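For reference, the structure is listed below as structure tokens.
Residue numbers (the numbering used here): 1 to 672.
Structure representation (structure tokens):
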């Protein structure tokens, strides 16, 4: 039994810090006679520290615009291109992963894997300009180059809205050991952010029954774009002895599922050579690889010696060679064991282990850092049915002595963490809640309050054992905000499909009042208002709130002064463009990019300059059978004609009338 999926959620975009990020500053005014003095600058602004509301300059780059190109008789001004980040680059270097604690039992929140940033573009040497972009977010993650063109802008919002992925590419439904440590990470780039996040589990028992979903851990005080680290190993979840498999997922305070469902099967056979390694993956999560094959471990030692002169009077046991230093390293070779199912997926997944930068051996002493010495892996091999792979590692710690002792926690001087850099705690609308919270914690000694050396600071995040809860501030006005959101009054992109006979479905109007949302930085409130609009810009919302009109030809629209409005009942394969020699206005695919009234192909509800002379606009249609096209102006029928397709399944006509400011044109297309 699984919780029902949460509805009405929007997943917000993020940038990948482990891929190349580029930015183009638009070209300066094309009318400039002399462009030799133009200079373009791009600045990256980031928070002073995690959770800080203040942005500081990280880096400034200088560039030049590309030479002016031509496309026929059209001049192309492409501006200046900047590559401002790559793996281990400017933004990626500001981010860090939250490694699981050994034996971690509860969820933790990381605010160092994601970060807001702004881009400031400056142009000098002509018509000077200085613009700063709205806040964007970046995550310490990356995807392969073959998927980059299709997913660089769609992974975290569109793909994640459907997949609800945890941060892992590990195949689902794997077999686990009863003592194995397993962790799942989930990024909270969703709107609205849950007030409480619950880690839920359902056990499937050997008698065929299943338990009701149980909450094993909760986390409150979450921040948008935070990354939640969840322990989901059998030991931590107290899996029953008669359990064959279990499902885990994340839910909100209403027990509505937010994430995908991950399934784990309990190992039923004895594995004499079982070992585990923990490593970071490409999405910024932590994967555990269970190794069931044979392992070899050897100690390789090197010694530096010095020779001493031997005197004739020296005794027999006088050493002529003196050992100056002894240093060794432990080399390990692990076999994965044979993959019993989904071997092709598992072999491809092992690329993660080759690409990772952090690897740990899970031992009874804790997590021991490893350095991988294997530099290649065979992803596929034909005509082999039982497959395994072997990897070699070296323990990073030097070996200089020998001992055999159990794990022990030494007595240390007591310390406490002191809150610093208090900021406002915001409610779900981004407004001040009346509470203040420390954004950083400073480690000090409990007895005298002096700082621990070296100076130690860390973010104050829920789930951390030293987390300090927000406190009420009597000087804060509850519900206030320095940057209220602007009003939104916009129609949905869908038409209602639930109208009765004789009625035409139209879009729904989404109205969000000014000041409903807020933020501590310019644009933050507007981003939340935009997120609410996106959550309502759905077919389901339109079917409930969209208009039903029995006269769509006389539609209502607030047409801007000096413009006429275009709408059609058949948006697919219907285009509009001006009839000029080099047309620039319209929604046709052949129009050049960058013109002021150039809209997306086939887009509907468009505004164009008025007045427009007779025969100034054309309408084109792709169709294979004759169609009837009726033109209405302000609800009045002014033109009717039958269009026959040519051999390329296309037809067009030029509108013979004039178009005045405020005119509402409606193009009705139907089969003849």
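Cβ atoms here follow ideal geometry from the backbone N, Cα and C, with glycine treated the same way.
All figures in this text were calculated on a predicted structure; none of them were measured in a lab.
Which residues does DSSP pair with residue 586 in a beta bridge? Within the chain shown, residue 586 is the residue found at index 586, counting from 1. DSSP links residue 586 through a beta bridge to 577 and 598.
Cβ neighbours of residue 616 in the same chain (closer than 7 angstroms, five flanking residues each side left out): Taking the chain shown and counting its residues from 1, the one referred to as residue 616 is at position 616. Cβ-Cβ distances below 7 angstroms link residue 616 to 578 and 579 in the same chain, with the five nearest sequence neighbours on each side left out; the list follows chain order.
Got a sec? Which residues, its chain only, sit under 7 angstroms from residue 641 by beta carbon, not counting five neighbours each side? Here residue 641 refers to the residue found at position 641 when the chain shown is read from its first residue. Once the five neighbours on either side are set aside, the close Cβ partners of residue 641 are 629 and 653.
State buried or exposed for residue 507, treating a residue as buried only when at least 16 other CB atoms are found within 10 Å of its CB. Here the question's residue 507 lines up with position 507 in the chain shown. Per the 10 Å Cβ criterion, buried.
How many Å lie between residue 459 and residue 490 at the Cα? Within the chain shown, the letter at position 459 stands for residue 459. Within the chain shown, the letter at position 490 stands for residue 490. Taking the straight line joining both Cα atoms gives about 39 angstroms.
Ranges of the alpha helix (DSSP H) found wholly within the segment 515 to 553, counting only runs of at least 4: For secondary structure counted as the alpha helix (DSSP H) over 4 or more consecutive residues, the segment 515 to 553 holds these complete runs in sequence order: 524 to 536 and 539 to 545.
Specify whether the segment 438 to 456 and the segment 45 to 52 touch according to this definition: at least 3 beta carbon pairs, one from each stretch, less than 8 angstroms apart. Result yes; three or more Cβ-Cβ pairs closer than 8 angstroms.
Since residue 104 sits in a beta bridge, which residues does DSSP pair it with? Position 104 of the chain shown holds residue 104. Beta-bridge pairing links residue 104 to no other residue.
Identify every residue that forms a DSSP beta bridge with residue 564. Along the chain shown, read from residue 1 onward, the residue named residue 564 stands at position 564. Checking the DSSP bridge columns, you'll see residue 564 partnered with 608.
Pair within 8 angstroms by beta-carbon distance, residue 432 and residue 485: Here residue 432 is taken as the residue at index 432 of the chain shown, counted from 1. Here residue 485 is taken as the residue at index 485 of the chain shown, counted from 1. No. Outside cutoff.
The alpha helix (DSSP H) enclosing residue 467, as first and last residue numbers: On the chain shown, position 467 is the one that residue 467 refers to. For residue 467, no alpha helix (DSSP H) run applies, since DSSP gives it neither H nor E.
At which residues does the beta strand (DSSP E) containing residue 639 begin and terminate? The sequence position of residue 639 within the chain shown is 639, counting from 1. Its beta strand (DSSP E) spans residues 636 to 643.
Residue environment, residue 300, which counts as buried when at least 16 other CB atoms sit within 10 Å: Taking the first residue of the chain shown as position 1, residue 300 is located at position 300. Exposed is the call here.
Are the CB atoms of residue 273 and residue 293 within a distance shorter than 8 angstroms? Numbered from its first residue, the chain shown carries residue 293 at position 293. Numbered from its first residue, the chain shown carries residue 273 at position 273. Cβ distance < 8 angstroms, so residue 293 and residue 273 count as in contact.
List the residues that DSSP assigns as beta-bridge partners of residue 44. Taking the first residue of the chain shown as 1, we reach residue 44 at position 44. Partner(s): 59 and 119.
Looking at C-alpha atoms only, which residue of 548, 99 and 534 is the closest neighbour of residue 158? Within the chain shown, residue 158 is the residue found at index 158, counting from 1. 534 is the residue among 548, 99 and 534 whose C-alpha sits nearest the C-alpha of residue 158.
Residue from 178, 8 and 366 with nearest C-alpha to residue 242: Reading the chain shown from its first residue, position 242 is the one you call residue 242. 178 is the residue among 178, 8 and 366 whose C-alpha sits nearest the C-alpha of residue 242.
For residue 83, list the residues DSSP reports as bridge partners. Here residue 83 is taken as the residue at index 83 of the chain shown, counted from 1. Note: residue 83 sits in a beta bridge opposite 22.
Helix, strand or coil for residue 348? Go by DSSP, reduced to three states. Locating residue 348 in the chain shown gives position 348, where the first residue counts as 1. Assignment of residue 348 by DSSP, reduced to helix, strand and coil, places it in the helix class.
Judging by CA-CA distance, which residue of 436, 420, 421 and 419 is the nearest neighbour of residue 427? Here residue 427 refers to the residue found at position 427 when the chain shown is read from its first residue. Cα-wise, what sits closest to residue 427 is 436.
If we count Cβ pairs, one from each stretch, closer than 8 angstroms, do we get three or more for the segment 540 to 557 versus the segment 496 to 513? The segment 540 to 557 is in contact with the segment 496 to 513.
Got a sec, what are the start and stop residues for the beta strand (DSSP E) residue 306 sits in? Locating residue 306 in the chain shown gives position 306, where the first residue counts as 1. Counting along the chain, the beta strand (DSSP E) containing residue 306 begins and ends at 295 to 307.
Would you grab the beta carbon distance between residue 22 and residue 73 for me? Rounded to a whole angstrom, and I think it's under 8 angstroms. In the chain shown, counting from the first residue as 1, residue 22 sits at position 22. In the chain shown, counting from the first residue as 1, residue 73 sits at position 73. 29 angstroms between Cβ atoms; not a contact.
Give the secondary structure of residue 410 by DSSP, where H, G and I count as helix, E and B as strand, and everything else as coil. In the chain shown, counting from the first residue as 1, residue 410 sits at position 410. Reduced to three states, the DSSP call for residue 410 is coil.
Give me the Cα-Cα distance between residue 168 and residue 188, rounded to the nearest whole angstrom. Residue numbering aside, residue 168 sits at position 168 when the chain shown is read from its first letter. Residue numbering aside, residue 188 sits at position 188 when the chain shown is read from its first letter. Roughly 15 angstroms separates the two Cα atoms.
What separation, rounded to the nearest whole angstrom, lies between the Cα atoms of residue 176 and residue 453? What you label residue 176 is simply residue 176 of the chain shown in a count that begins at 1. What you label residue 453 is simply residue 453 of the chain shown in a count that begins at 1. Between residue 176 and residue 453, the C-alpha separation is close to 41 angstroms.
Option nearest residue 473 by Cα separation, candidates 434, 450, 85 and 488: In the chain shown, residue 473 corresponds to position 473, counting from 1. Comparing Cα-Cα distances from residue 473 to each of 434, 450, 85 and 488, the minimum goes to 434.
When you measure from the CB of residue 116 to every non-hydrogen atom of the ligand HEM, does any distance come out below 7 angstroms? The ligand HEM is not part of this structure, which contains no ligands at all.
Looking at C-alpha atoms only, which residue of 87, 471, 93 and 252 is the closest neighbour of residue 197? As a first step, residue 197 must be located in the chain shown, where it is residue number 197. Taking the Cα of residue 197 as reference, the smallest distance to any Cα among 87, 471, 93 and 252 is reached at 252.
Hey, residue 2 and residue 255: beta-carbon distance below 8 angstroms or not? As a position in the chain shown, residue 2 is number 2, starting the count at 1. As a position in the chain shown, residue 255 is number 255, starting the count at 1. With contacts defined as CB atoms closer than 8 angstroms, residue 2 and residue 255 fail to qualify as a contacting pair.
I'd like to check one pair, residue 229 with residue 201: are the Cβ atoms closer than 8 angstroms? Against the chain shown, residue 201 aligns to sequence position 201. Against the chain shown, residue 229 aligns to sequence position 229. Contact flag unset, no.
For the segment 640 to 669, list the beta strand (DSSP E) runs that are entirely contained and at least 3 residues long, ordered along the chain. As far as the segment 640 to 669 is concerned, its whole beta strand (DSSP E) runs of at least 3 residues are 650 to 654.
Go ahead and label residue 4 buried or exposed: buried means 16 or more other beta carbons lie within 10 angstroms of its beta carbon, across all protein chains shown. Start at 1 with the first residue of the chain shown, and residue 4 comes out as number 4. Residue 4 should be labelled exposed.
Of all the options 492, 604, 101 and 113, which has the alpha carbon lying nearest to the alpha carbon of residue 141? Locating residue 141 in the chain shown gives position 141, where the first residue counts as 1. Checked all of 492, 604, 101 and 113; the closest Cα to residue 141 is 113.
Closest Cα partner of residue 297 within the set 312, 328 and 306: Position 297 of the chain shown, counting from 1, holds the residue named residue 297. Looking only at 312, 328 and 306, the smallest Cα-Cα distance to residue 297 is reached by 328.
In chain order, what residues of the same chain lie with their CB nearer than 6 angstroms to the CB of residue 182, ignoring the 5 residues before and after it? Position 182 of the chain shown, counting from 1, holds the residue named residue 182. Result list for residue 182: 232, 233 and 288, in chain order.
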